[in-house]
Ligand code: SF4
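Residue numbers (the working numbering): 26 to 358.
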């Protein structure tokens with residue numbers, strides 16, 4: 026299959042690694058298409074991604090695609106709904122495949138492959154859903170599932186002889202035995218667990234995302250990324266704060282301080298506080314300062330708190346008494 030070119034949707038999970046390997050074994054010129062979800066740092070070095078390392082073990086080159094505004098549109102209101110948390114799996118799959126299809130066209134490839142297995146996932150990998158995803162993504166006849174291909178209708182590249190159907194597989198169901206055996210055969214040892222890295226399936230992240238969607242309409246990738254950092258408290262309908270948990274998170278939040286309505290630091294050992302929303306000096310500000318003292322350690326000598334806006338100190342205040350844990354816990358997102 027020397028003249029065949031394909032794109033494989035690559036997550037770093039075992040199924041996508043095996044799908045890629047099965048096609049590589051036919052001599053197909055294959056490139057991985059890896060979608061980077063918006064909760065990853067916007068300035069991430071793609072060479073340091075786990076998926077990049079995992080692709081290297083099978084000699085697969087990756088093209089990285091950052092999911093931004095159009096993905097966020099889906100996240101806000103997925104036509105096929107959410108899974109158990111805030112994971113819009115069916116629409117997410119359709120989105121990934123559509124983007125992979127655009128990439129396929131741009132490099133003149135013949136098909137897009139995925140690591141989907143018939144019957145493996147209750148939501149997105151039932152046969153009829155898989156057909157629906159193929160139709161919705163506009164890739165009818167060119168969406169290949171090498172691990173289950175023999176259980177599905179032949180695709181155009183198979184009919185045209187660009188992919189050898191006899192060398193494709195017929196795996197189905199939720200069991201992982203066949204995949205584990207194949208992994209051993211191909212010496213694949215480094216892979217992610219299914220949906221393991223997706224924060225939309227995490228219930229704590231999901232409640233932060235729900236809160237963000239409820240209180241902010243014009244959200245972007247950085248808003249979503251910031252959900253993964255620090256402790257989050259909703260002080261009122263107007264005001265939310267993010268408190269860094271350690272020095273590294275403080276540095277990370279500082280990178281985005283220009284987006285904060287207020288950015289609060291102290292002259293004692295403690296967190297930084299990223300504030301979103303219009304803060305009333307008598308209502309929300311005292312609560313925020315009490316939170317600062319709860320996580321910081323003001324002492325007799327050092328107890329000043331600096332309220333900053335646009336990188337300038339607009340107020341300097343004595344530290345407050347720490348907030349009670351019970352009062353704090355009801356505000357936690
Ligand atoms: S688990 Fe996450 S990445 Fe995977 S399909 Fe669902 S939403 Fe998309």
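Idealized CB from N, CA, C, for every residue including glycine.
| Asked | Found |
| --- | --- |
| Once DSSP output is grouped into helix, strand and coil, what is the label at residue 98? | helix |
| If you compare alpha carbons, which of 155, 153 and 136 is closest to residue 180? | 136 |
| Please list, in chain order, all residues of the same chain as residue 356 whose beta carbon is under 7 Å from its beta carbon, the five residues on each side excluded. | 258, 259 and 260 |
| Report, in whole angstroms, the separation of the C-beta atoms of residue 44 and residue 125, which I expect to be a contact under 8 Å. | About 12 Å; that fails the 8 Å criterion. |
| Could you check if residue 155 is buried or exposed, using at least 16 other CB atoms within 10 Å of its CB as the buried criterion? | buried |
| If you measure from the CB of residue 118, is any heavy atom of the ligand SF4 nearer than 8 Å? | yes |
| Between which two residues does the beta strand (DSSP E) holding residue 281 run? | Run containing residue 281: none; DSSP gives neither H nor E here. |
| Considering only residues of the same chain and omitting the five flanking positions on each side of residue 167, which have a CB-CB separation below 8 Å? | 126, 129, 135, 136, 137, 180, 181 and 182 |
| For residue 229, count the other beta carbons within 10 Å of its own beta carbon; 16 or more makes it buried, fewer makes it exposed. Which is it? | exposed |
| Okay, do the region 214-225 and the region 181-198 touch, 3+ Cβ pairs below 8 Å being the bar? | no |
| When every heavy atom of the ligand SF4 is checked, does at least one fall within less than 8 Å of the C-beta of residue 108? | yes |
| When you compare only the Cα positions, how much space is there between residue 39 and residue 87? | 16 Å |
| Under DSSP, the beta strand (DSSP E) around residue 329 begins and ends at which residues? | 329-334 |
| In whole angstroms, what is the alpha-carbon distance linking residue 376 and residue 91? | This structure gives no information on residue 376, because the portion of the chain shown stretches from 26 to 358. |
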